[in-house]
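For the record, in the sequence shown the residue sitting at position 174 is 182 according to my numbering, with numbers rising by one throughout.
Report on one structure; see the data block that follows.
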Amino acid sequence: MKKYDLIVVGGGAGGLTVAAGAASLGANVALVEKRDDLGGDCLHFGCVPSKALIEAANEVYHARNVQAYGIHASGEVDLKAINDRVKASVDHIQEHDDIDRFKELGIDVYLGGASFATDHEIQVEGHENIYGKRIVISTGSRPNVPSIEGLEETGYITNESAFNLEQLPQKLVFIGGGPIGLELAQAYSRLGSEVTVLEAGPHLLGKEDQDIQNTAQSMLEQELNVITNARVSKTSRHDEKNYVHYTIGDEDHVIEADQIFLAVGRKPNTDNLQLENTGVEMDEKGHVKVDDTLRSSVPHIFAVGDVNGGLYFTHVAGYEGKTVVQNALYGLKRKVSYDNIPWNTYTTPEIFHYGLTQKKAQVKHGDVMIYKTELDQVDRFVADHATNGFIKIITDTKGNIVGAHAIGKGAGDWMQVVVLAVEKGMKIGDLSNMIYPYPNHTASIENASNQYWRAKLFNGVIPKLSKTFIRWFR
Numbered sequence: 009m010k011k012y013d014l015i016v017v018g019g020g021a022g023g024l025t026v027a028a029g030a031a032s033l034g035a036n037v038a039l040v041e042k043r044d045d046l047g048g049d050c051l052h053f054g055c056v057p058s059k060a061l062i063e064a065a066n067e068v069y070h071a072r073n074v075q076a077y078g079i080h081a082s083g084e085v086d087l088k089a090i091n092d093r094v095k096a097s098v099d100h101i102q103e104h105d106d107i108d109r110f111k112e113l114g115i116d117v118y119l120g121g122a123s124f125a126t127d128h129e130i131q132v133e134g135h136e137n138i139y140g141k142r143i144v145i146s147t148g149s150r151p152n153v154p155s156i157e158g159l160e161e162t163g164y165i166t167n168e169s170a171f172n173l174e175q176l177p178q179k180l181v182f183i184g185g186g187p188i189g190l191e192l193a194q195a196y197s198r199l200g201s202e203v204t205v206l207e208a209g210p211h212l213l214g215k216e217d218q219d220i221q222n223t224a225q226s227m228l229e230q231e232l233n234v235i236t237n238a239r240v241s242k243t244s245r246h247d248e249k250n251y252v253h254y255t256i257g258d259e260d261h262v263i264e265a266d267q268i269f270l271a272v273g274r275k276p277n278t279d280n281l282q283l284e285n286t287g288v289e290m291d292e293k294g295h296v297k298v299d300d301t302l303r304s305s306v307p308h309i310f311a312v313g314d315v316n317g318g319l320y321f322t323h324v325a326g327y328e329g330k331t332v333v334q335n336a337l338y339g340l341k342r343k344v345s346y347d348n349i350p351w352n353t354y355t356t357p358e359i360f361h362y363g364l365t366q367k368k369a370q371v372k373h374g375d376v377m378i379y380k381t382e383l384d385q386v387d388r389f390v391a392d393h394a395t396n397g398f399i400k401i402i403t404d405t406k407g408n409i410v411g412a413h414a415i416g417k418g419a420g421d422w423m424q425v426v427v428l429a430v431e432k433g434m435k436i437g438d439l440s441n442m443i444y445p446y447p448n449h450t451a452s453i454e455n456a457s458n459q460y461w462r463a464k465l466f467n468g469v470i471p472k473l474s475k476t477f478i479r480w481f482r
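This is the structure:
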C-alpha cells in the first residue's frame, strides 16, 4: 500500500489549493478525483459557465435595447452558439487545472470514486488502497433536489444540466430565489425566455441587507415574474405541457412551464465516502463537522469547501485550503474567520456584500453610523446611464467599518477597495482621505465616506471657530 503525507479527496477549488500548496512545500501528496478532469463544480457547472452565459445574455439585452444609443441590431439568439462559447470559456480555464500540471508538481493523481476503508486508508475505484498520514475532504456539493411530487414525470434542470439545453425554453419556472437562481433566471429572461421565480420566503436574497433586498427585488421584477411566499406542492404534466402547483397562504395556484429549474440550495457530497468507518461526525444535512481550524472530530482529517457547511463560495474554499495546508503539514492551529468574507451576486446590476448587514451590525454594536450614496449622484454612473443602485457603508461609533453593501454596475469589482481598506486597518475617514481618479465608479465610495467628515467638520462649533479665525487672520 502506497503511503502519503497527505491525501486530498476532491479536485475542486479547495482541494487543488491544498494539494498544490502542500506539494510545493515538500509533502508527498495524493489527489483523488471521481471525474475525469479537475476543477470541480465551479469550473464545470457553476461560476465559470454561468458568468459566460450571463455575459452573452447581457450582450443580447444590450443589442435589443441599443436603439437608445442610436444603433440598430436584431438581438437574435442562437442558443447552441452561446453554449459553445460558454464551453470554450470552461475549456480555456481547464488548462490551468490540467492533470499534468499537478503531476508536474509531484502529486500522484488518482481518478475514481473515493471512500474511507479506515480513518487513514482510502479506497479508490480501479486502484489499490492508499494510506494518508493526514487526509483532507474537499468533495464539494451538488444541487439539492427536493421531494416534490411529480418531478420525475415533468423532469427538471439544475445548474449542472442547464448549459446543455439545445433550445431556449419559452416558459421557464425557477423554484428558488437565491443567488444562483436569480443570476440564471435573469440571463434566460434576457435571452428571450418568459421567466417566473417562485420563492418560499417573503423576500429574494434573504442573506442580504434589507435595503439591498428591497432594491434588488424591485429591479428584478422589471424583468422577471417574481412570486414570493410561494410553497411548491407538486408538478404535473398534461397534454405534453408541464405545470408547477404552488400555494400562497391558503390559496392554490398553478403555472405552466416548458422547463422547471431547481435552485433550492445544495447538498454536500458525502454520501459515498463511508465516513462511518472513520469516526468523523456529520451534521443532519451530511456536512462534515469541523472546528475553526477546519479539523473534523478525527484530528488528522480536515474538510474544506462546501462539504463542511460553511459559506458556499469558491474563494472561501481557496481561503480554507490555504489554512489547512499550514494546519495539516505543521500541526498548527490557524483559525478561519468568516466575519469579513466578501461575496457578489452577478445579477444586473451586481450585488456586493461585505461584513455585517445593518440589522446584524445594530445587534452586535448597538449604535451604528450609515453612509449611503445613490449612484445617480456619481458622475461616472450618470455618464454610463447606469444610475440604478447605491452604496451603503456601516460603521461603529468609532468609525470602524463593520459592513459594506452595494448594488450597481460592476459593484463586485470597485467595492473591493473597501475590503482592502478594512484589511489594512483603515477607517471610514481614511477612505475619504484617499484620492480617486475622475470620473470613476469608485467615486461612490468617496462620496459615501465624505459624509463622515462633513458631519465632523461642517456642523457644531467648528464652522463658527473657523469663521472667526478667517476674519481675524492676516
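Backbone N, C-alpha and C define an ideal beta-carbon position, used for all residues, glycine too.
Just so it is clear, the structure is predicted and the values come from calculations on it, not from any experiment.
Residue i - containing alpha helix (DSSP H), residue span
{"i": "ILE436", "result": "436-441"}
{"i": "TYR362", "result": "TYR362 -> not in any alpha helix (DSSP H); beta strand (DSSP E) instead, spanning 358-363."}
{"i": "ASP387", "result": "387-391"}
{"i": "GLU202", "result": "No alpha helix (DSSP H) contains GLU202, which is instead part of the beta strand (DSSP E) from 202-206."}
{"i": "PRO57", "result": "55-72"}
{"i": "GLN424", "result": "424-431"}
{"i": "VAL17", "result": "Premise fails: VAL17 lies in the beta strand (DSSP E), 10-17, not in any alpha helix (DSSP H)."}
{"i": "ASP49", "result": "48-52"}
Counted within 10 angstroms of its Cβ, other Cβ atoms place residue i as buried (16 or more) or exposed
{"i": "GLN218", "result": "exposed"}
{"i": "PRO307", "result": "exposed"}
{"i": "PRO151", "result": "buried"}
{"i": "VAL181", "result": "buried"}
{"i": "ASN277", "result": "buried"}
{"i": "PHE389", "result": "buried"}
{"i": "PHE124", "result": "buried"}
{"i": "GLY339", "result": "exposed"}
{"i": "MET423", "result": "buried"}
{"i": "HIS413", "result": "buried"}
{"i": "ASN352", "result": "buried"}
{"i": "LEU465", "result": "exposed"}
Proximal residues to residue i (C-beta, below 7 angstroms), its chain only, five neighbours per side dropped
{"i": "VAL427", "result": "PRO350, TYR362"}
{"i": "TYR460", "result": "TYR379, GLY407, ILE436, GLY437, SER440"}
{"i": "ALA35", "result": "ASP13, LEU14, LEU337"}
{"i": "ILE62", "result": "GLU191, ALA195, TYR354"}
{"i": "LYS372", "result": "LEU364"}
{"i": "ALA27", "result": "VAL16, VAL37, LEU39, PHE110, ILE115"}
{"i": "VAL332", "result": "VAL26, VAL144, LEU302, PHE310, VAL312"}
Nearest to residue i (by Cα), restricted to the options the options
{"i": "ALA311", "options": "ALA463, ARG239, LEU302", "result": "LEU302"}
{"i": "GLN102", "options": "GLN75, ASP49, HIS373", "result": "ASP49"}
{"i": "ARG274", "options": "ALA195, LYS293, ASN250", "result": "LYS293"}
{"i": "ALA208", "options": "ASN237, GLU136, GLN194", "result": "ASN237"}
{"i": "LEU283", "options": "LEU270, LYS297, VAL272, ALA271", "result": "LYS297"}
{"i": "HIS449", "options": "ASP421, LYS10, ILE470", "result": "ASP421"}
{"i": "GLY18", "options": "ARG342, ALA429, GLY329", "result": "GLY329"}
{"i": "GLN370", "options": "VAL333, ASP384, GLN334, ILE409", "result": "ILE409"}
{"i": "ILE143", "options": "GLY23, ASN73, VAL203, GLY185", "result": "GLY23"}
Inter-residue spacing [alpha-carbon to alpha-carbon] between residue i and residue j
{"i": "LEU119", "j": "GLN131", "result": "12 angstroms"}
{"i": "SER32", "j": "ILE15", "result": "14 angstroms"}
{"i": "GLU231", "j": "ASP279", "result": "39 angstroms"}
{"i": "THR223", "j": "GLU216", "result": "11 angstroms"}
{"i": "ALA170", "j": "ILE268", "result": "10 angstroms"}
{"i": "VAL98", "j": "ASP45", "result": "12 angstroms"}
{"i": "ALA76", "j": "ILE145", "result": "52 angstroms"}
{"i": "HIS211", "j": "VAL117", "result": "45 angstroms"}
{"i": "ASN172", "j": "VAL94", "result": "10 angstroms"}
{"i": "ASN250", "j": "LYS417", "result": "36 angstroms"}
{"i": "GLY114", "j": "VAL153", "result": "39 angstroms"}
{"i": "LYS141", "j": "GLY121", "result": "20 angstroms"}
{"i": "GLU41", "j": "ILE165", "result": "24 angstroms"}
{"i": "ILE309", "j": "GLY411", "result": "34 angstroms"}
{"i": "GLY320", "j": "GLY54", "result": "The sequence given here places Tyr at residue 320; Gly does not occur at that position. So the two alpha carbons sit approximately 11 angstroms from each other."}
{"i": "ASP392", "j": "ALA81", "result": "20 angstroms"}
{"i": "HIS323", "j": "ASN137", "result": "31 angstroms"}
{"i": "THR162", "j": "ALA271", "result": "16 angstroms"}
{"i": "LYS367", "j": "VAL376", "result": "10 angstroms"}
{"i": "ASP387", "j": "PRO57", "result": "33 angstroms"}
Span of the beta strand (DSSP E) around residue i
{"i": "PHE310", "result": "309-311"}
{"i": "LYS275", "result": "274-276"}
{"i": "GLN102", "result": "Careful: GLN102 lies outside any beta strand (DSSP E), inside the alpha helix (DSSP H) at 87-102."}
{"i": "GLU216", "result": "That residue, GLU216, is in no beta strand (DSSP E); it is neither H nor E in DSSP."}
{"i": "GLN267", "result": "267-270"}
{"i": "VAL288", "result": "Looking at the DSSP string, VAL288 is not in any beta strand (DSSP E), and its letter there is neither H nor E."}
{"i": "ASN352", "result": "351-353"}
{"i": "THR381", "result": "377-382"}
Beta-carbon proximity list for residue i, same chain, < 6 angstroms, skipping 5 on both sides
{"i": "ALA456", "result": "TYR379, THR381, ILE399, ILE401"}
{"i": "HIS52", "result": "none"}
{"i": "ALA419", "result": "GLU358, PHE360"}
{"i": "ASN458", "result": "SER440"}
Neighbourhood of residue i by C-beta, 8 angstroms cutoff - its chain only, sequence neighbours within 5 removed
{"i": "LEU176", "result": "VAL85, LEU87, TYR196, LEU199, GLY200, SER201"}
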